[in-house]
Amino acid sequence: EAQVTQNPRYLITVTGKKLTVTCSQNMNHEYMSWYRQDPGLGLRQIYYSMNVEVTDKGDVPEGYKVSRKEKRNFPLILESPSPNQTSLYFCASSLMGYSNQPQHFGDGTRLSIL
Amino acid sequence: GESVGLHLPTLSVQEGDNSIINCAYSNSASDYFIWYKQESGKGPQFIIDIRSNMDKRQGQRVTVLLNKTVKHLSLQIAATQPGDSAVYFCAEGETGANNLFFGTGTRLTVIP
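So the protein lines, in turn, are chains A and B. Numbering-wise (my numbering), the first sequence opens with residue 53 and increments by one. Numbering-wise (my numbering), the second sequence opens with residue 125 and increments by one.
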């Protein structure tokens with residue numbers, strides 16, 4: 053089954069404790085992206101990757117890092133999480149890195165930073 | 125970034141009725157539009173898309189209408205069912221750009 057898989061689905065942690073949210077897709081998609089979803093704000097892009105070893109900042113990249121060492125994986129790293137990063141996070145992928153194609157989303161990771 | 129919004133934050137319809145969800149966009153250069161459905165606890169699910177060279181596209185029980193003159197997009201759901209209850213949001217993209225811009229969503233509630 054074609055899918056985007058995120059782990060963990062839920063995480064409660066404390067300020068300053070480094071964490072990584074993994075994202076993997078099995079569709080051989082070139083483009084991958086991370087979003088955060090907050091009430092009333094919709095989906096905001098954090099980082100995206102057009103292909104392996106190519107990453108770029110989205111609209112809200114501060115406090116986040118990403119890497120794209122393999123085509124299928126695109127982990128999101130919070131080096132020193134803070135409470136304002138409490139949110140619902142989604143990873144997405146699409147076949148090519150152009151904004152005229154649908155993106156396929158994972159089921160989300162709910163992070164709570166205390 | 126561009127503004128992608130919705131006219132109504134909530135919509136309640138009777139089961140069996142048709143639903144219409146609206147979306148306004150502000151970027152005249154946008155040439156690709158998508159509707160997503162997001163159920164509770166799940167990620168956004170692709171419903172239907174349309175390119176700017178079309179003004180209407182139909183899927184299974186869904187129709188998307190695009191009015192480029194007034195920069196308006198709508199999603200019509202025929203014979204709405206309880207399983208259609210979810211948040212629906214639109215997204216816009218521009219050929220040559222790298223990102224989609226998403227609206228905030230409309231919550232559709234289907235009354236049995």
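C-beta: ideal position from N, C-alpha, C; glycine also. All of these numbers come straight from a predicted model, not from anything done at the bench.
Between TYR156/B and chain A, the shortest Cβ-Cβ separation is below 8 Å. Under the Cβ criterion (8 Å, minimum of three pairs), the stretch 151-165 of chain A does not count as touching the stretch 134-147 of chain B. Under the three-pair Cβ rule at 8 Å, the stretch 148-157 of chain B counts as touching the stretch 189-197 of chain B.
Boundaries of the beta strand (DSSP E) around ASP173/B: 169-175. In the DSSP assignment, LEU190/B forms a beta bridge with LEU197/B. Listed by position along chain B, the residues whose Cβ is nearer than 7 Å to that of GLY68/A form an empty set, because the closest Cβ is around 28 Å away. With distances taken between CA atoms, GLN137/A lies nearest to LYS69/A out of GLN58/A, VAL56/A, LYS69/A.
The Cβ of PHE126/A sits no closer than 8 Å to any Cβ of chain B.
Looking from the CA of ASN103/A, the closest CA among PHE126/A, SER164/A, CYS75/A belongs to PHE126/A.
Listed in chain order, the alpha helix (DSSP H) elements of length 4 or more contained wholly in the stretch 134-162 of chain B amount to none. The alpha-carbon separation between ILE171/B and ASP155/B amounts to approximately 17 Å.
Judged by DSSP secondary structure, ASN152/A falls outside any beta strand (DSSP E); it is assigned neither H nor E. A contact is defined here as three or more CB-CB pairs under 8 Å, and the stretch 74-85 of chain A meets this definition with respect to the stretch 54-61 of chain A. DSSP, read as helix, strand or coil, puts GLY207/B in helix. For SER164/A, the enclosing beta strand (DSSP E) has its first and last residue at 161-165. Using a Cβ distance threshold of 8 Å, TYR100/A and GLY115/A do not count as a contacting pair.
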